[in-house]
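These protein sequence lines map, in sequence, to chains A and B.
Quick note: the first sequence uses this note's numbering, first residue 101, plus one each step.
Quick note: the second sequence uses this note's numbering, first residue 19, plus one each step.
Have a look at the structure below, then the notes.
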Amino acid sequence: MSMHGPIATGRTATGIPTARLAVWWLLSSEVFIFGGLIACFLLFKFNGAPGFQDAVLTVTWAGAFNTFVLLTSSLTIVLAHDAAEHGDKDRAFKYIWFTIFGGLVFMCVKAYEYGSKIAHGVGFTTNIFWSFYFTMTGLHALHVLGGMVIMGMVSFDIRKGYNLHRAELVGLYWHFVDIVWIFLFPILYIANF
Amino acid sequence: MSEAAHAHPNYIKIWAILLGLLVVSLIGPEIGIPWLTVVTAFGIAIIKAYMVCADFMHLRFEKKIIWFLLLASVVVIGAVFFFGVSSDIIKTQGQNWEDCISNGSCKVEQRVIVHSSSYAEVSAEHDAQQ
Chain A
101 MSMHGPIATG RTATGIPTAR LAVWWLLSSE VFIFGGLIAC FLLFKFNGAP GFQDAVLTVT
161 WAGAFNTFVL LTSSLTIVLA HDAAEHGDKD RAFKYIWFTI FGGLVFMCVK AYEYGSKIAH
221 GVGFTTNIFW SFYFTMTGLH ALHVLGGMVI MGMVSFDIRK GYNLHRAELV GLYWHFVDIV
281 WIFLFPILYI ANF
Chain B
19 MSEAAHAHPN YIKIWAILLG LLVVSLIGPE IGIPWLTVVT AFGIAIIKAY MVCADFMHLR
79 FEKKIIWFLL LASVVVIGAV FFFGVSSDII KTQGQNWEDC ISNGSCKVEQ RVIVHSSSYA
139 EVSAEHDAQQ
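Below, the structure written as structure tokens:
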């Protein structure tokens, strides 16, 4: 591990490096954001609120393809973490950029979906299903975008051999983004009943 | 970086299993049985999330405090939404209002208050009683 970086990086009171613990705290707070949205969505859906039958109008293949992309990008970021652990900074850099590319593909598919929906006159205010759809997928897309930017920033330090542990930290965040999508995919795309 | 020495899982194998589960979750709804759709959609989502947490995020090797942290988040959010929000969504009528969407008595697309007076009317009545 590099000796560069803030003192909190190496100091620990719990046996877990403070930086990693901080990311776990961040992720546990994110559970409230997406968990709240998903819980409300399910409560409205199972209570029979009108509009949820519009789930049949979402493009299942696009959602499935994006699930494939995010699962694959989860693999590449964990391989980046593995490379960083072994001190292979060039391989870590390469895998981080594979992951960023995965995020870019995800965003392109999402943009296609949004574009086709808006072109058909479907928007935020169409009904409660689409309000949830655009809120949840939009917030998730912002997280994808944020993750791509952070990974890009971190990658160049890693290539120089600084702060290699950050490959794991951005990886934790990216896996969480993947997990959120794992739950958004069935409720928005395939569980049409 | 993880300080604890542990054998890493085979990431490619985990990824392949996750893709296999994705295929199953896509096939499930095609059969057309609602309960099977629920199982294949949500059940498999839970399994996939667990695998990503345990194997990719290394939660399997993480200290128990992280498990408690995440578990506490899920329990608290479950309690908040079960005790705080669900009654607001699921109940179809109260003393001064009726959810005409859920009981099908109205056609508008938003929950509306149909019984209570407006705040101004209530205030005027209150003032008159004074």
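A virtual CB, placed ideally from N, CA and C, is assigned to each residue, including glycine.
Fair warning: this is a prediction, and the values are worked out from it, not measured in the lab.
{"query": "Do A/V270 and A/V254 have their C-beta atoms within less than 7 angstroms of each other?", "result": "yes"}
{"query": "If you drop the 5 nearest sequence neighbours on each side, which residues of the same chain put their C-beta closer than 8 angstroms to that of A/F144?", "result": "F152, I228 and F232"}
{"query": "Could you check which residue in A/T237, A/G246 and A/F193 has the C-alpha nearest to that of A/Y212?", "result": "A/T237"}
{"query": "DSSP state of B/E80, grouped into three classes?", "result": "coil"}
{"query": "With distances taken Cα to Cα, identify the nearest neighbour of B/I32 among B/H76, B/E116 and B/S105.", "result": "B/H76"}
{"query": "Applying the 10 Å Cβ sphere with the 16-neighbour rule, what's the burial state of B/E48?", "result": "exposed"}
{"query": "List the residues of chain B whose Cβ lies closer than 7 angstroms to the Cβ of A/W124, in chain order.", "result": "I84 and L87"}
{"query": "Starting from the beta carbon of A/L175, find every residue of chain B whose beta carbon is closer than 9 angstroms, and list them in chain order.", "result": "Y29, I30, I32, W33, L36 and F74"}
{"query": "Can you check the region 31-74 of chain B for any alpha helix (DSSP H) of at least 4 residues that lies completely inside it and give the ranges in chain order?", "result": "52-56 and 62-69"}
{"query": "Give a yes or no on whether 7 angstroms exceeds the smallest Cβ distance from B/I51 to chain A.", "result": "no"}
{"query": "Can you grab the Cα-Cα spacing for the pair B/V130 / B/D106, in whole Å?", "result": "Because the pLDDT at B/V130 is just 41, under 50, the model does not fix this residue reliably, and the point stays unresolved."}
{"query": "Within the same chain, show all residues whose beta-carbon is closer than 8 angstroms to that of A/G202, passing over the 5 residues directly before and after it, in chain order.", "result": "V169, L170, T172, S173 and T176"}
{"query": "Determine the closest residue to A/F81 out of A/S216, A/A291 and A/I279, with distance taken between C-alpha atoms.", "result": "What the structure shows of chain A is the stretch from 101 to 293, and residue 81 of chain A is not part of that stretch, so it cannot be assessed."}
{"query": "Should A/E213 be listed as close to the ligand ATP, given that the test is whether its C-beta is under 6 angstroms from any heavy atom?", "result": "Of the ligands one can find in the structure shown there are none, so the ligand ATP has no counterpart to examine."}
{"query": "Please return the same chain residues whose Cβ sits closer than 8 angstroms to the Cβ of A/G223, not counting the five positions on each side in sequence.", "result": "K217, W230 and F234"}
{"query": "As a quick exercise: from A/Y262, A/K210 and A/R111, pick the residue whose alpha carbon is nearest that of A/L242.", "result": "A/K210"}
{"query": "Pull up the distance between the alpha-carbon of A/E130 and that of A/G148, whole angstroms please.", "result": "28 angstroms"}
{"query": "Could you check where the alpha helix (DSSP H) with A/R120 kicks off and where it finishes?", "result": "T118 to F146"}
{"query": "Of all the CB atoms in chain B, is at least one closer than 7 angstroms to the CB of A/S128?", "result": "yes"}
{"query": "Using 8 angstroms for Cβ pairs, my map puts A/L179 next to A/L272. What's the rounded Cβ distance?", "result": "Not quite, the Cβ-Cβ distance comes to about 14 angstroms (not below 8 angstroms), so this is no contact."}
{"query": "Give the range of the alpha helix (DSSP H) segment to which B/F101 is assigned.", "result": "Premise fails: B/F101 is in no alpha helix (DSSP H) and is neither H nor E."}
{"query": "Alpha carbons only, please: which of A/A184, A/P286 and A/T167 is nearest the one belonging to A/Y262?", "result": "A/A184"}
{"query": "Is the CB-CB distance between B/A63 and A/F283 below 7 angstroms?", "result": "yes"}
{"query": "If contacts are defined as beta-carbon pairs under 8 angstroms, then A/E268 and A/H181 qualify, I think. What distance do you get, rounded to the angstrom?", "result": "5 angstroms"}
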